[in-house]
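The structure appears right after this line, and notes come after that.
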Amino acid sequence: ETGVTQTPRHLVMGMTNKKSLKCEQHLGHNAMYWYKQSAKKPLELMFVYSLEERVENNSVPSRFSPECPNSSHLFLHLHTLQPEDSALYLCASSQDLGLPEAFFGQGTRLTVV
Amino acid sequence: QKEVEQNSGPLSVPEGAIASLNCTYSDRGSQSFFWYRQYSGKSPELIMSIYSNGDKEDGRFTAQLNKASQYVSLLIRDSQPSDSATYLCAVNSMNRDDKIIFGKGTRLHILP
Chain A
232 ETGVTQTPRH LVMGMTNKKS LKCEQHLGHN AMYWYKQSAK KPLELMFVYS
282 LEERVENNSV PSRFSPECPN SSHLFLHLHT LQPEDSALYL CASSQDLGLP
332 EAFFGQGTRL TVV
Chain B
6 QKEVEQNSGP LSVPEGAIAS LNCTYSDRGS QSFFWYRQYS GKSPELIMSI
56 YSNGDKEDGR FTAQLNKASQ YVSLLIRDSQ PSDSATYLCA VNSMNRDDKI
106 IFGKGTRLHI LP
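Read top to bottom, the protein sequences are chains A and B. Just so you know, we're using the working numbering here: the first sequence kicks off at 232 and counts up by one. Just so you know, we're using the working numbering here: the second sequence kicks off at 6 and counts up by one.
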């Protein structure tokens, strides 16, 4: 248990569906991240939030929409995804942006059919 | 040039031997370096961090950093089957506003 919880753990969705991934941390961290992990590729940073403000959007397609309502919660809203978006989506948090040791959640395994 | 490079492996090491994992990085201004372990189907887990040149030891793990050569390594002594996993090298990138950049990872297999 790392203190970062993601739900759901597995998700299968059609290309026309809308779904959301949820991440919750109770570590008192100020920075939260979404990463995408595809087979045989490095972890790709998607979004970074610091104190609930988005500080980075790494050229992610608009079909991925993050939301950070407070410092403990982070969402990733998904709509009209493509099969190539199938991957493991990992949420992470760190104390601050300047202290980049990150603690990861267990991830959501997403399959787009 | 890839920002963080690792040999994807698999690296096979007999039980009890020393496993040596290597990583190079391109951003000369990087200050923080991390090793994460990821078991199959699980999330990455931070196992070592190193910030200055030289060696840092923690139990069976030793991280080595050489900033001049832009090289960081992880040594695992007395390798155990439970060490079989993918090891991810991560570097904070001054060029990327201090964000953590990951390598593809090296798959390590400890042979019983």
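C-beta: ideal position from N, C-alpha, C; glycine also. Since the model is a prediction, treat every value here as computed from it, not as a measurement.
In the DSSP assignment, Val77(B) falls within the beta strand (DSSP E) that extends over Tyr76 to Ile81.
Any Cβ of chain A closer than 8 Å to the Cβ of Pro15(B) would place that residue at the interface, and such an atom is absent. Of the residues assessed, Arg240(A) falls on the exposed side of the cut-off, its CB having fewer than 16 other CB atoms within 10 angstroms. Judged by pairs of C-beta atoms under 8 Å, the stretch 315-322 of chain A does not touch the stretch 85-97 of chain B, as fewer than three such pairs exist.
Residues of chain A with a Cβ closer than 9 Å to the Cβ of Leu93(B) are, in chain order, Pro273 and Leu274. Pro292(A) is not a Cβ neighbour of Trp265(A), given a cutoff of 8 Å. Spanning the alpha carbons of Tyr280(A) and Ala24(B) requires a straight line of approximately 36 Å.
Under DSSP, Ser25(B) takes part in a beta bridge, and its partners are Leu80(B). For Glu255(A), no chain B residue has a C-beta closer than 8 Å to its own C-beta; the minimum C-beta separation is roughly 14 Å. For Pro19(B), the three-state secondary structure derived from DSSP is strand.
In this structure, Ile52(B) and Tyr41(B) form a Cβ contact; the two beta carbons are roughly 7 Å apart against a cut-off of 8 Å. In this structure Gln256(A) is buried. Its beta-carbon is surrounded by 16 or more other beta-carbon atoms within 10 angstroms.
Here the alpha carbons of Leu116(B) and Ser17(B) stand approximately 7 Å from one another. Note: Tyr266(A) is bridge-paired with Leu276(A) and Leu321(A) in the DSSP secondary-structure output. Taking Thr238(A) as reference, the option from Thr342(A), Gln337(A), Val344(A) and Val343(A) with the minimal CA-CA separation is Gln337(A). Nearest to Arg285(A) by C-alpha distance, out of Leu274(A), Pro273(A), Arg294(A) and Asn301(A), is Asn301(A).
The Cβ of Gly64(B) sits no closer than 8 Å to any Cβ of chain A. With respect to the C-alpha of Gln268(A), the residue from Asp88(B), His114(B) and Phe107(B) having the closest C-alpha is Phe107(B). Annotation for Asp60(B): Thr67 and Gln69 place their beta carbon closer than 6 Å to its own, counting only its chain and skipping 5 residues before and after.
At a cut-off of 8 Å between beta carbons, Leu70(B) makes no contact with chain A. Across the structure, Ala318(A) and Gln75(B) are spaced so that their CA atoms are roughly 30 Å apart.
With a threshold of 16 other beta carbon atoms within 10 Å, Pro49(B) meets it and is buried.
Between Leu242(A) and Asn261(A), the C-beta gap is not smaller than 8 Å, which leaves the two residues out of contact. For Leu321(A), the chain B residues whose Cβ falls inside 8 Å of its Cβ are Ser48 and Pro49, in order along the chain.
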